[in-house]
Amino acid sequence: MSSKNIENTTSSRGSDNTVIVQDSFTDVLTGWKVEQQDPSGTVTARDGILEIIQPSGATIWLKQKLVGNYEITFDATPIPFTIEGTKFIDRISDLNMFWNATDPTTEDGDVTKNHFDASLNSYNSLNLYYVGFGANSNGTTRLRRNDGSVGRPQITGYSTDEHRTVDDHAGPMSEYTRLYANTPTRVKIASIRPTKDDPVNLKWYANEKLIFGYEDAKPYLEGWFGFRTITSHWKISNFKVTRLNE
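Using UniProt numbering, the first residue of the sequence shown is number 1, and each one after it goes up by one.
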């Protein structure tokens, strides 16, 4: 396994313009499954916006399985979030997501067949890729490859001095790896079957800048996608999954 940083992995296979999934977020969430730690949290779809307001952890799973070469795109805007009487004042944090997630306890790997309590630890049994962008109160941006163990192995990451670990190989946080209040981040995720000419199976972009590229010796090439966050307020729009050329 190896990871590629911003500078040395920039290619992406072209789209064949086939839309697999698209959600205009008008008034219903029939295509999604919501899991939240705190029942006072809310997830609503209205006027083109998926709005997520959560005092604790939450995951919003897309019910449709994604297979083959595909690209996910969406815009995510962090709204400053305050919980009175706590340390959380105007917090922006945790534009997180799971993809190619599978559950080994279900016959077909469907993660939406079981119910998780939405704590991060509750998903330890799953196989998945996980990016936490602007996590830890905007102090880290990390890529993980969960393998069903409690360790949630980190592949690489960016961090401030306060949060740095030995796995933060990508360097310090920068203008490209941070969140900005009330400012949308354009996310693009490419899941690609590796080839000799292009061995990178995972590419993750923020505002068209490649943040993570990863060559996985045993790649996860299909599964379920989920928005993930904790103690935050988000507005998501323009969600689309498009087929990429094989």
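Glycine included, every Cβ here is placed at the ideal spot set by N, Cα and C.
These figures come from a predicted structure and were not determined experimentally.
Starting from the C-beta of residue i, find all residues in its chain whose C-beta is less than 6 Å away, skip the five residues before and the five after it, and write them out in chain order.
i, result
"residue 205", "188"
"residue 136", "163"
"residue 152", "144 and 146"
"residue 71", "190, 242 and 244"
"residue 235", "49, 51 and 77"
"residue 31", "63"
I need the DSSP call for residue i, collapsed to helix, strand or coil.
i, result
"residue 162", "helix"
"residue 122", "helix"
"residue 69", "coil"
"residue 58", "strand"
"residue 8", "Its pLDDT being 33, under 50, residue 8 is placed unreliably by the model, and the measurement read from it follows with that caveat. If DSSP states are grouped into helix, strand and coil, residue 8 belongs with coil."
"residue 245", "coil"
"residue 207", "coil"
"residue 281", "The question about residue 281 has no answer, for the chain in this structure spans 1 to 246."
"residue 40", "coil"
"residue 135", "helix"
"residue 217", "coil"
"residue 226", "strand"
"residue 107", "coil"
"residue 47", "coil"
"residue 35", "strand"
"residue 97", "strand"
"residue 114", "coil"
Leaving out five residues before and five after residue i in sequence, what residues of the same chain have Cβ atoms less than 8 Å from its Cβ?
i, result
"residue 180", "78 and 92"
"residue 22", "239, 240 and 241"
"residue 96", "130, 131, 132, 133, 135, 227, 228, 229 and 230"
"residue 139", "159, 160, 162, 163 and 173"
"residue 105", "114 and 125"
Work out the CA separation of residue j and residue i for me, nearest whole Å.
i, j, result
"residue 229", "residue 221", "23 Å"
"residue 28", "residue 161", "42 Å"
"residue 63", "residue 35", "12 Å"
"residue 182", "residue 118", "25 Å"
"residue 157", "residue 48", "32 Å"
"residue 122", "residue 116", "6 Å"
"residue 89", "residue 218", "41 Å"
"residue 208", "residue 87", "33 Å"
"residue 141", "residue 166", "14 Å"
"residue 127", "residue 82", "33 Å"
"residue 65", "residue 203", "19 Å"
"residue 171", "residue 59", "28 Å"
Please name the residue in the options whose C-alpha comes closest to that of residue i.
i, options, result
"residue 80", "176, 153, 184 and 213", "184"
"residue 178", "124, 94, 235 and 50", "94"
"residue 149", "124, 186 and 105", "124"
"residue 85", "73, 113, 55 and 195", "55"
"residue 246", "171, 209 and 193", "193"
"residue 50", "186, 141, 76 and 203", "76"
"residue 176", "60, 65, 169 and 186", "186"
"residue 195", "69, 165 and 155", "69"
Kindly list the residues whose CB is nearer than 7 Å to the CB of residue i, restricted to its own chain and excluding five residues on each side of it in sequence; keep chain order.
i, result
"residue 67", "222"
"residue 45", "25, 26, 27, 28 and 29"
- prompt: Three or more beta-carbon pairs under 8 Å between the stretch 189 to 203 and the stretch 35 to 43, yes or no?
  reply: no
Quick check: the stretch 15 to 29 against the stretch 99 to 119, are at least 3 beta-carbon pairs closer than 8 Å?
no
Self-check item: Three or more C-beta pairs below 8 Å linking the stretch 210 to 217 and the stretch 103 to 118
Solution: no
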